[in-house]
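Okay, so here's the structure we're looking at.
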Amino acid sequence: ETDVALPPVALLGAGCSTVTVDVVGLAYGFRMPIISPGSTTPTLSDRHNFPNFFRTIVPDTQFANAWLAVAKMLHITRVVTLLGDTTTYQGFMKQLVIDSELFGVELLGHNMSDVQPG
Numbered sequence: 195e196t197d198v199a200l201p202p203v204a205l206l207g208a209g210c211s212t213v214t215v216d217v218v219g220l221a222y223g224f225r226m227p228i229i230s231p232g233s234t235t236p237t238l239s240d241r242h243n244f245p246n247f248f249r250t251i252v253p254d255t256q257f258a259n260a261w262l263a264v265a266k267m268l269h270i271t272r273v274v275t276l277l278g279d280t281t282t283y284q285g286f287m288k289q290l291v292i293d294s295e296l297f298g299v300e301l302l303g304h305n306m307s308d309v310q311p312g
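Each residue of the sequence shown is one higher than the one before, starting from 195 at the first, in the working numbering.
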């Protein structure tokens, strides 16, 4: 056993996107990467703004695609969507609208006129 204390080489966490967005700048100031197991917001995928951020989970933009692929595989052509009044899932819903057209799945439920692309 050794008593040598090595300096930290990276930050692990946070588990949610909101905290990660707040902490990633601090880590950048210390020239450290931050690796998150649960931060899925597409905002963090911007390498220009978050060059030191890495994740071990897919971003929300890929999550929507996966669920729609499963729906298509099960021959489900219509799904109901629910969306709260927060901006947390706006990126997910925008991608869901785009991908639903590609997979031929009709979205029902929430009025998504405010998240339509273009």
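For glycine and all other residues, C-beta sits at the position ideal for the given N, C-alpha and C. Owing to the predicted nature of the structure, the values given are computational and were not obtained by experimental measurement.
Under the three-state DSSP convention, the category residue i falls into
| i | result |
| --- | --- |
| residue 290 | helix |
| residue 211 | helix |
| residue 197 | coil |
| residue 230 | strand |
| residue 311 | In this predicted model, residue 311 has a pLDDT of only 49, less than 50, meaning its place in the structure is not dependable enough to derive any value. |
| residue 301 | strand |
Nearest-angstrom Cβ-Cβ length linking residue i and residue j, presumed shorter than 8 Å
| i | j | result |
| --- | --- | --- |
| residue 276 | residue 299 | That belief does not hold up - the Cβ atoms of residue 276 and residue 299 are roughly 15 Å apart, past 8 Å. |
| residue 229 | residue 212 | Contact flag wrong, Cβ pair sits at about 17 Å. |
7 Å Cβ cutoff met for residue i and residue j
| i | j | result |
| --- | --- | --- |
| residue 290 | residue 258 | yes |
| residue 246 | residue 231 | no |
| residue 266 | residue 286 | no |
| residue 331 | residue 236 | Nothing in the structure corresponds to residue 331, since the chain is present only between 195 and 312. |
| residue 303 | residue 264 | no |
Selection from the options that minimises the alpha carbon distance to residue i
| i | options | result |
| --- | --- | --- |
| residue 234 | 253, 200, 241, 217 | 253 |
| residue 204 | 269, 288, 295, 220 | 220 |
| residue 218 | 268, 197, 241, 200 | 241 |
| residue 224 | 243, 238, 210, 202 | 202 |
| residue 270 | 222, 208, 294 | 294 |
| residue 248 | 272, 209, 301, 260 | 209 |
Unbroken stretches of the alpha helix (DSSP H), 4 residues or longer, contained in the stretch 241–278: Runs found: 254–267.
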